[in-house]
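See structure below.
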Amino acid sequence: MKFLFDFFPILLFLIAYKMYDMYTATAVVIGATFMQNLLFWLKHRRFEKMHLITLALITVLGGATLLLQDRAFFMWKPTAVYWLFALAFLGSHFIGDKPFAERMMGHTIEVPKVIWKRLNVSWFAFFGALGIANIYVANFYMQAEQALFNAAGKKVDIDQCDALGGQLLELCQHAKLMEQEWVAFKVYWGIGLMFLFIIAQGFYLARHMPEQANETVNEESEG
Numbered sequence: 000m001k002f003l004f005d006f007f008p009i010l011l012f013l014i015a016y017k018m019y020d021m022y023t024a025t026a027v028v029i030g031a032t033f034m035q036n037l038l039f040w041l042k043h044r045r046f047e048k049m050h051l052i053t054l055a056l057i058t059v060l061g062g063a064t065l066l067l068q069d070r071a072f073f074m075w076k077p078t079a080v081y082w083l084f085a086l087a088f089l090g091s092h093f094i095g096d097k098p099f100a101e102r103m104m105g106h107t108i109e110v111p112k113v114i115w116k117r118l119n120v121s122w123f124a125f126f127g128a129l130g131i132a133n134i135y136v137a138n139f140y141m142q143a144e145q146a147l148f149n150a151a152g153k154k155v156d157i158d159q160c161d162a163l164g165g166q167l168l169e170l171c172q173h174a175k176l177m178e179q180e181w182v183a184f185k186v187y188w189g190i191g192l193m194f195l196f197i198i199a200q201g202f203y204l205a206r207h208m209p210e211q212a213n214e215t216v217n218e219e220s221e222g
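Residue numbering for the sequence shown follows numbering that gives the first Met the number 0, starting at 0 and increasing by one per position.
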């Protein structure tokens, strides 16, 4: 349930994108992230650090996207977010008394210190890899967009492909297709990989929890 709550702004982004366009979807995801923080506060009377960080990044970078009206900039944004998270995990590995992974989950799970450090490094690697993957997929759109602009001799709104003809129409449709491929990667692959990564971490943590904690969990499940 928490997983769905954490990712519902992205799901709303996808719905808005399918119904309207990327810029409308950007405004929707900013508003949804504000709502996410508000609902969390109303229920728990506190804010979650990860939600606040995400809100700050989406508001600043999403606001810049709406101001600049630049799709390429928007597609670079997830990489910036992923890499900032990666740097946060890496920095906490050397600064402070607890790595970021332990700060997030240590209040509910008890495992040896070395396990938290390994998890912290894995989160760093995961977000770093997601950032690279995003650049790779977004580059297909950027190449298609540049080919369209070069052929037209000016910037072209790919949401208005029907107004074009001939080669420009084909190039515009191809650019739109590459945009849709990137959105699919961002939503489906991004959420899917995150879900699998969290499950894998759950199994890893379970292996290293104290025996007493595991017995307690088993007793509760049997009762």
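Glycine included, every Cβ here is placed at the ideal spot set by N, Cα and C. Computed from a predicted structure; not experimentally measured.
Check, Outcome
"Return the CA-CA distance between Y19 and P8, expressed in angstroms with no decimal places.", "16 Å"
"With 16 as the cutoff for other CB atoms within 10 Å, does H173 come out buried or exposed?", "buried"
"Near C160, what residues of its chain come up, given a Cβ to Cβ distance below 7 Å and the 5 sequence neighbours on each side ignored?", "L168, C171, Q172 and K175"
"Is it true that the region 107 to 127 meets the region 72 to 82, where meeting means three or more beta-carbon pairs spaced less than 8 Å apart?", "yes"
"Out of E101, L67, G189 and M34, point me to the one whose CA is closest to L51's CA.", "M34"
"Rounded to whole angstroms, what is the Cα-Cα separation between Q68 and L13?", "18 Å"
"Taking the alpha-carbon of A151 as reference, which of F139, Y140 and G165 has the nearest alpha-carbon?", "G165"
"Where do the N-terminal and C-terminal ends of the alpha helix (DSSP H) with I190 fall, by residue?", "G189 to H207"
"How far does the alpha helix (DSSP H) with V59 in it reach, from first residue to last?", "K48 to L67"
"Where do the N-terminal and C-terminal ends of the alpha helix (DSSP H) with L147 fall, by residue?", "K112 to A151"
"Quick one: Cα of M177 to Cα of Y140, how far?", "5 Å"
"Taking DSSP as the reference, what is the three-state secondary structure of R45?", "coil"
"How many Å lie between G61 and L192 at the Cα?", "23 Å"
"Do you know how far the Cα of L147 is from the Cα of L163?", "11 Å"
"According to DSSP, simplified to helix, strand and coil, what is I94?", "coil"
"With three or more beta-carbon pairs closer than 8 Å as the criterion, would you say the region 103 to 113 touches the region 130 to 137?", "no"
"Within the same chain, show all residues whose beta-carbon is closer than 8 Å to that of F184, passing over the 5 residues directly before and after it, in chain order.", "A132, N133 and V136"
"Work out the CA separation of Y16 and Y22 for me, nearest whole Å.", "8 Å"
"For E101, collect the residues of the same chain with a Cβ closer than 7 Å to its Cβ; drop the 5 residues on either side in sequence, then sort them by chain order.", "W115"
"For T23, does the three-state DSSP call read helix, strand or coil?", "helix"
"For L13, name the three-state secondary structure that DSSP assigns.", "helix"
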